[in-house]
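Presented below is the structure to which this report refers.
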Amino acid sequence: MKEILIFPATSLVYSDDVIKSAIGNIQRDLMQRVAFLKNIGKDVEAYRLEQKTNYDIEMLQEVGYCKSMENYSIYFDGRKTGEPPYTLLDYFPDDYLMFIDESHITIPQVGGMYNGDRARKDNLIEYGFRLPSARDNRPLNFNEFVKKQGNTVYISATPSEYELQRPTGLVDPEIEIRKTEGQIDDVITEINKNVANGQRVLVTTLTKRMAEDLTDYLKDSGIKVQYLHSDIDTVERVEILRELRLGKYDVIVGINLLREGIDLPEVSLVIILDADKEGFLRSKTSLVQTIGRAARHVQGRVIMYADNMTDSMKYAISETNRRRKYQKKYNEEHGITPTSIVKEIRGSLVEKEEEINVDDEYVEKLDQKQKRLLIKKLEAKMLLAADGMQFEKAAEYRDQIKEIQSNL
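In this text, residue positions in the sequence shown follow our numbering: the first is 551, and each later residue adds one.
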């Protein structure tokens, strides 16, 4: 091998002509900025900027790139000061469709990213760490983002006026407030009504202990119920919600896990216990998000159990009623009949364990070759159980192996 080309671990690689042109523009802006800083008495900042930028220029001349090269992007892209940067959105066709999940958070962040980046860059420029051109290495501002949007679907349980329009015609659920006295018996009555109609129920509590105790009580009452809290890992949580949709459970009891990111079209009733206990889990946003869990079903409704009316409850109820009025009016004007969301139930993320028959009568009928194959399968399961710290299960497989081996 006479020669080998080793490329740098960066995507910012340009031709010699582009680099030469960029260096000339960087040097021009550097001279102007250094002179400006010295004129206002910032000699230290001027020296810092000169040293740092000249080092970057030397790196560009020698190897074709430098650290934090993106801060010089305007010189390489051929953009003018203030022009929007190039993004992935520029590669999509004019008729593309954009989905923005949790848009009540995402949309404000579009403007927030730009403003946060601008504040940080201003500090770097002021203290001589970067040239003013570093400001043009930035996210899109909100107006630039809007211009690059295609047709957009905003997905949120708490949309603002900017995002509000539902293609299903669904309206926000009705809200009812009930006293806490005798609430558990009342909860059971409401659950049974929904279950009789083939619908599901979500119950939200304030503590993990409360969720577990309520789950046990509902089980004793003959209700198919499971609880969700932070100790349950993500895969198991997804599996529990899937089993709720399939009908293995009729009720899920949870805490904060019943707020954002859960889409369960089969749920027609959300029950909020201790709705008047002000705090993180019963704040304005939390209540509105929790209420939104019942907005996927055409018969969606919410029951709050409370003895007092808090400011958060007032806001959540008022906001929900405001939307209901707006949504009903929109449906009437456009001839839309509300329909429940239809959503495919996806396959399980949990791999089903293969059942191995070790019944005595079955094993006795096997020939020697089949018995050895059965032993190999059990050995594999034994090792897997041991690796997973399931030692009792591993011991059970070991005993089964010994019993089969004794009959070889």
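We put the CB at the ideal spot given by N, CA and C, even for glycine.
- When DSSP reads this structure, Gln-776 sits in a beta bridge with Ile-802.
- Under the three-state reduction of DSSP output, Phe-679 falls in the coil class, being neither helix nor strand.
- Residue burial annotation: Ile-951 is buried, with at least 16 other C-beta atoms found within 10 angstroms of its C-beta.
- Between Thr-889 and Val-852, the CB-CB gap reaches or exceeds 8 angstroms.
- The beta-bridge partner set that DSSP reports for Val-852 consists of Ile-725, Val-820.
- Look at Arg-750 here: in three-state DSSP terms it is strand.
- The Cβ atoms of Ile-805 and Thr-765 do not sit closer than 8 angstroms to each other.
- The residues Arg-792, Arg-795, Leu-796, in chain order, have a CB closer than 8 angstroms to that of Ile-895 in the same chain once the five nearest residues on each side in sequence are set aside.
- Between the region 829-838 and the region 855-867, the count of C-beta pairs closer than 8 angstroms reaches three or more; the two stretches touch.
- Using a Cβ distance threshold of 8 angstroms, Pro-635 and Ser-623 count as a contacting pair.
- Excluding residues up to 5 positions away in sequence, Tyr-625 lie with their Cβ nearer than 8 angstroms to the Cβ of Asn-575 in the same chain.
- Between the alpha carbons of Lys-588 and Arg-578 lies a gap of roughly 16 angstroms.
- Contact check for Ala-930 against Ala-944 fails: the beta carbons are separated by 8 angstroms or more.
- Under the criterion of beta carbons closer than 8 angstroms, Ala-856 and Ile-725 do not qualify as touching, at roughly 11 angstroms.
- Asp-826 is not a Cβ neighbour of Asn-871, given a cutoff of 8 angstroms.
- In this structure, Tyr-799 keeps its C-beta atom at 8 angstroms or more from the C-beta atom of Val-820.
- Selection Gln-839, Ile-790, Asp-644 evaluated against Ile-655 yields Gln-839 as nearest (Cα-Cα).
- The beta carbon of Ile-802 is closer than 8 angstroms to those of Arg-750, Val-751, Leu-752, Val-753, Val-775, Gln-776, Tyr-777, Leu-778, Ile-790, Leu-791, Leu-794, Leu-808 in its chain, skipping five residues each way along the sequence.
- Pairing Pro-682 with Ile-675, the inter-Cα distance amounts to about 6 angstroms.
- If you look at Tyr-767, you'll find it in the alpha helix (DSSP H) that goes 758-770.
- In the same chain as Ala-761, and ignoring 5 residues on each side of it, the C-beta atoms closer than 7 angstroms to its own belong to Thr-755, Tyr-777, His-779, Val-803, Gly-804, Ile-805, in chain order.
- Taken in chain order, the whole alpha helix (DSSP H) runs of length 4 or more contained in the region 872-948 are 910-914, 918-937.
- In this structure, the CA atom of Pro-815 is about 22 angstroms from the CA atom of Ile-867.
- Residue pairing for Met-648: DSSP places it in a beta bridge opposite Thr-702.
- Per DSSP, the continuous alpha helix (DSSP H) segment holding Ala-585 begins and ends at 566-589.
- DSSP places Ser-862 in the helix class (H, G or I) of the three-state scheme.
- Between Arg-843 and Val-788, the alpha-carbon positions lie close to 16 angstroms from each other.
- Inter-residue distance for Cys-616 and Thr-603 is about 10 angstroms (C-alpha atoms, whole angstroms).
- Non-local C-beta neighbours of Glu-694 in its own chain, meaning closer than 8 angstroms and more than five positions away in sequence, comprise Pro-634, ordered along the chain.
- With contacts defined as CB atoms closer than 8 angstroms, Met-663 and Pro-689 qualify as a contacting pair.
- Closest option to Tyr-677, judged by alpha-carbon separation, among Phe-586, Asp-606, Pro-658, Asn-665: Phe-586.
- Ala-596: member of the alpha helix (DSSP H) spanning 593-613, first to last residue.
- Lys-827 carries a coil assignment under DSSP once its states are collapsed to helix, strand and coil.
- In this structure Asn-744 is buried. Its beta-carbon is surrounded by 16 or more other beta-carbon atoms within 10 angstroms.
- Between the beta-carbon of Arg-685 and that of Lys-671 there is about 5 angstroms, and that keeps the pair under the 8 angstroms contact cut.
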